[in-house]
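Chains as they are written, first to last, in our numbering: chain A, 1 to 134; chain B, 135 to 268. The beta carbon of each residue, even a glycine, is placed where N, CA and C say it ideally should be. None of the values given here were measured: they were computed from a predicted structure. Data first, discussion second: the structure below is written as structure tokens.
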DNA sequence: TCCATTTATTTACCTGGGTAAATATTATAC
DNA sequence: GTATAATATTTACCCAGGTAAATAAATGGA
């Protein structure tokens, strides 16, 4: 009985979350899915596309499309590696310069998203989500 | 510090959630957003579109598009009311007949989504999500 | 060596979220 | 009564998720 409407509540929070994220990224011309890839590259350095979509847990075509946009807007470059099937993705200088500032903005936005919860509840939430996704 | 990566975790659970929902709706030719509207109509009876998007907390054009698909596939009908701006939406006989069975399927899918959590944790999660969305 | 299989990426097409602007109708103020 | 404002819906166009199938390159086995 208690699982009734789970989909609905998850759906609601997901839309709210991407709205808040998109909002704080707007001034940089970025969207939340683009940010998630840039964040990934900032923490891991050069990656091939397969690394990215496996880490983010999305499908390969989704990453292809988003990377195309990120390349067009000058946030990443893609090179061919020794294995010519792979594409090596890395941040541009513009990205390396701006990302730390953007990260701070995103962290503030995350705080706003959770501001109705106490510190304890915030920790509980993250842990429950991680447990489901594990 | 604890709010770091909230967007990421929420995003993950959201995709998992819609995947599980779509999967259990596949045999009826439905998608999760379509189900959410049908569920809404099943509980509330005839509604106008504004009632639907305000309840689901999405934008009007999103509901317009999804209703068009639901009408094409024979789940709902739309009529004009006394106020000619409004469109009254209601379930077809096919929908009324199948929805109770579909609801049971969806409830089972919701249980699968949460199966890694204890009963207590499931309640905690729903309550935390509701609190954020309130 | 050569053919079959695997792997990495892309293309085409579907659903579903958003915003901005257009349309049609109703409500309101003067 | 008529012009203006508000309301309900739609249209056009973004971004982002998915699947299925195509392409290209590398790997492996006979």
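At a cut-off of 8 Å, the C-beta of residue 238 of chain B has no neighbouring C-beta in chain A. The C-beta of residue 10 of chain A comes closer than 8 Å to at least one C-beta of chain B. Pairing residue 32 of chain A with residue 141 of chain B gives a Cβ-Cβ distance under 8 Å. For a Cβ distance threshold of 8 Å, residue set 7 of chain A lies close to residue 155 of chain B, ordered along the chain. Secondary-structure assignment with DSSP links residue 221 of chain B through a beta bridge to B:214. Using a 10 angstroms sphere on the CB of residue 10 of chain A, the tally of other CB atoms reaches 16 or more, which defines it as buried. Residue 40 of chain A is not a Cβ neighbour of residue 48 of chain A, given a cutoff of 8 Å. For residue 228 of chain B, no Cβ of chain A is located within less than 8 Å of the residue's own Cβ. By the C-beta criterion, the stretch 112 to 121 of chain A is judged to be in contact with the stretch 16 to 24 of chain A, since at least 3 inter-stretch pairs fall below 8 Å. Around the Cβ of residue 180 of chain B, a 10 Å sphere holds fewer than 16 other Cβ atoms; the residue is exposed. By the rule that beta-carbons nearer than 8 Å mark a contact, residue 130 of chain A touches chain B. Nearest to residue 204 of chain B by alpha-carbon distance, out of B:223, B:219 and B:256, is B:223. Between residue 100 of chain A and residue 106 of chain A, the alpha-carbon positions lie close to 10 Å from each other.
Annotation: residue 80 of chain A has no Cβ neighbours in chain B at a cutoff of 7 Å; minimum Cβ distance is about 29 Å.
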